[in-house]
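Undergrad: Number 125 marks the last residue of the sequence shown (the numbering used here); no jumps. In this text, a Cβ means the ideal position worked out from N, Cα and C, and glycines have one as well. The structure's right below; bear with me while I get my questions together.
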Amino acid sequence: MKDRNHKLSRKLVNKFDLIGLEDLKSKEMTERKENQKRKVNRSLAKSIIQANWYQLTQFLSYKVEETGKEIIVVNPKNTTQRCSSCGKLANPKIERNVEIYNCSCGSVLDRDVNACQKYLIFSPE
Numbered sequence: 001m002k003d004r005n006h007k008l009s010r011k012l013v014n015k016f017d018l019i020g021l022e023d024l025k026s027k028e029m030t031e032r033k034e035n036q037k038r039k040v041n042r043s044l045a046k047s048i049i050q051a052n053w054y055q056l057t058q059f060l061s062y063k064v065e066e067t068g069k070e071i072i073v074v075n076p077k078n079t080t081q082r083c084s085s086c087g088k089l090a091n092p093k094i095e096r097n098v099e100i101y102n103c104s105c106g107s108v109l110d111r112d113v114n115a116c117q118k119y120l121i122f123s124p125e
């Protein structure tokens with residue numbers, strides 16, 4: 001995984017001047033808290049741990065610093081629920097299996113594209 005993360009981070013830094021990352025807390029995503037009722041999905045937790053997002057972030061950080069490029073870290077809250085055109089939250093909440101974001105303002109986008117555009121518009125400068 002270390003080799004994969006080195007290669008992926010190099011590829012991203014070589015290709016892009018600006019790299020956006022969600023501020024993901026892998027530990028919180030893979031452990032169940034005492035007051036939490038639902039169980040942690042074991043296969044998802046295993047995938048998160050194996051992907052080693054933290055390591056990838058570290059590799060990206062030092063490579064970006066060496067090249068003078070930029071990383072923006074975005075709060076993941078509502079990333080696929082907020083419209084990148086008008087900023088309005090989806091109501092009712094969009095389910096995970098829905099791939100297209102349809103906003104009442106008329107904007108229709110792939111959920112992931114909408115989230116990426118939201119990063120660029122609503123991220124701190």
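According to the neighbour-count rule (16 or more other Cβ atoms, all chains shown, within 10 Å of its Cβ), is F16 buried or exposed?
TA: On the sequence shown, residue 16 is found 16 positions in, with the first residue counted as 1. Exposed: under 16 other Cβ atoms inside 10 Å.
Undergrad: Could you tell me the boundaries of the beta strand (DSSP E) in which N102 lies?
TA: Locating residue 102 in the sequence shown gives position 102, where the first residue counts as 1. Start and end: 100-102.
Undergrad: The alpha helix (DSSP H) with D3 in it runs from where to where?
TA: In the sequence shown, counting from the first residue as 1, residue 3 sits at position 3. Note, D3: alpha helix (DSSP H), 2-15.
Undergrad: Rank C116, Y54, N91 by C-alpha distance to the C-alpha of K2 and give the top, closest one.
TA: Walking along the sequence shown from the start, residue 2 turns up at place 2. Looking at the Cα atoms, Y54 is the closest of the given residues.
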